[in-house]
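Sequential numbering of the sequence shown, starting at 0, is according to numbering that gives the first Met the number 0.
Let me begin by presenting the structure, written as structure tokens, before commenting on it.
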Amino acid sequence: MTFEDHGVAGGCWTGALRVDRQPDPPCVVHRGAVVAQARLRDAGPGVWAVEADLPGTVIDQGAHGLLLVAGEPGAPGSQVLARLTLVSGQVAGDELLAEVAHLRAELDLLKREFRRLAAGG
């Protein structure tokens with residue numbers, strides 16, 4: 000089972016799901032809770048068009064991570080088909096800059112440790 004992400008337009012996350020048999024509709028998970036059920040439409044042999052309307056509660060200030068999950072989320076056999084990050088608002092710029100600064104600091108730490116180990120210390 001593979002998912003081709005077509006992105007978000009008008010609050011609807013779309014894509015194509017390639018699978019041999021008709022699947023159960025996937026769901027959208029936000030912060031561990033199911034927030035939307037996707038709709039499936041036959042789009043040809045082994046291909047299903049997927050549409051999930053995103054609720055307004057996930058379209059909010061800051062950064063929000065969403066998962067498109069096939070099966071019962073957290074249950075054995077469930078599969079994360081796609082990940083979507085929504086970033087909005089003025090705070091988003093500051094959050095992203097802080098995250099980049101944090102990643103740079105971690106990279107500098109790794110470089111120092113690697114150099115120390117390469118020098119035999």
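Backbone N, C-alpha and C fix where the C-beta goes; we use that ideal spot for every residue, glycine too.
Leu-95 to Leu-109 span [Cα, whole Å]: Start at 1 with the first residue of the sequence shown, and residue 95 comes out as number 96. Start at 1 with the first residue of the sequence shown, and residue 109 comes out as number 110. Between Leu-95 and Leu-109, the C-alpha separation is close to 21 Å.
Does at least one heavy atom of the ligand NAP sit under 8 Å from the Cβ of Pro-72? Among the ligands in the structure shown, none appear at all, so the ligand NAP cannot be discussed.
Check Glu-71 in the structure and name its three-state DSSP category. The sequence position of residue 71 within the sequence shown is 72, counting from 1. Coil, per DSSP.
Below 8 Å on the Cβ atoms is my contact criterion, and I expect Leu-83 with Val-7 to pass it. Report the Cβ-Cβ distance as a whole number of Å. On the sequence shown, residue 83 is found 84 positions in, with the first residue counted as 1. On the sequence shown, residue 7 is found 8 positions in, with the first residue counted as 1. Rounded, the Cβ-Cβ distance is 7 Å, consistent with contact.
Between which two residues does the beta strand (DSSP E) holding Leu-39 run? Here residue 39 refers to the residue found at position 40 when the sequence shown is read from its first residue. Per DSSP, Leu-39 belongs to the beta strand (DSSP E) from 38 to 41.
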